[in-house]
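**Student:**
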Amino acid sequence: MRAAHVNNHPDFTNIAYEGLAAARFDSLPTPLETNKSVTLEQTVIVTPGCSYRLSFAENLLVKGNGAAGTIPHLTARLLYIDNFGNTVDLIIIPIAKFSQDHDPNRGYAFHQATTIRPVPCDVSELIVRFEYFENNNLEGSSWLLDGVSIRAVFPISGCCDHNRNCVIE
Numbered sequence: 001m002r003a004a005h006v007n008n009h010p011d012f013t014n015i016a017y018e019g020l021a022a023a024r025f026d027s028l029p030t031p032l033e034t035n036k037s038v039t040l041e042q043t044v045i046v047t048p049g050c051s052y053r054l055s056f057a058e059n060l061l062v063k064g065n066g067a068a069g070t071i072p073h074l075t076a077r078l079l080y081i082d083n084f085g086n087t088v089d090l091i092i093i094p095i096a097k098f099s100q101d102h103d104p105n106r107g108y109a110f111h112q113a114t115t116i117r118p119v120p121c122d123v124s125e126l127i128v129r130f131e132y133f134e135n136n137n138l139e140g141s142s143w144l145l146d147g148v149s150i151r152a153v154f155p156i157s158g159c160c161d162h163n164r165n166c167v168i169e
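Read in order, the letters of the sequence shown are residues 1 to 169 in the numbering used here.
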């Protein structure tokens, strides 16, 4: 079900929100209507006991068109894996582009969200994951992702005894 990939070739990623390049999710043209998906993720070391803010910018460059009405989705997630191997979501930001006339190539849209609860004291890594999915598409679509950032909201962790040696730089 993949039929999509993350393109990092400089000739195709030079429309950046910040810096020199952006990640680009491309779904590939197919002879039959096909569901297409790809995931991009990175593990980040964090300070336990802190709340975090995830921010990023996205730009749907080209929206494919299928007979059933192609709707590309990009879902941003900030999560961790608990001691039992379960995925625990701290942030989920779903984005769907419905309009062929109004959504493609409108420039970057900025998104940010903050965790409601702090990272548990026994968790030192978070996963930033972007999942791209597109239903029933013949043509290809292209979606840019840039300016991804995860930052602690408060300078002191709630997991430290008497807040000693817990200030985040």
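For glycine and all other residues, C-beta sits at the position ideal for the given N, C-alpha and C.
Please determine, among G49, V44, C121, T43, the residue with the shortest C-alpha to C-alpha distance to F231.
**Tutor:** Not covered by the structure: residue 231. The range shown for the chain is 1 to 169.
**Student:** So what's L28 in DSSP terms, helix, strand or just coil?
**Tutor:** If DSSP states are grouped into helix, strand and coil, L28 belongs with coil.
**Student:** Tell me whether S157 is buried or exposed, calling it buried when 16 or more other Cβ atoms sit within 10 Å of its Cβ.
**Tutor:** With 16 or more Cβ atoms within 10 Å of its Cβ, S157 is classed as buried.
**Student:** Start and end of the beta strand (DSSP E) containing E58?
**Tutor:** Per DSSP, E58 belongs to the beta strand (DSSP E) from 52 to 62.
**Student:** Quick one: using the 10 Å Cβ neighbour count with 16 as the cut-off for buried, is T87 buried or exposed?
**Tutor:** Exposed, because fewer than 16 other Cβ atoms sit within 10 Å of the Cβ of T87.
**Student:** Can you have a look at T43 and say buried or exposed, based on whether 16 or more other CB atoms are within 10 angstroms of its CB?
**Tutor:** Result: exposed.
**Student:** In the structure shown, what three-state DSSP assignment does V128 receive?
**Tutor:** Three-state DSSP puts V128 in a strand.
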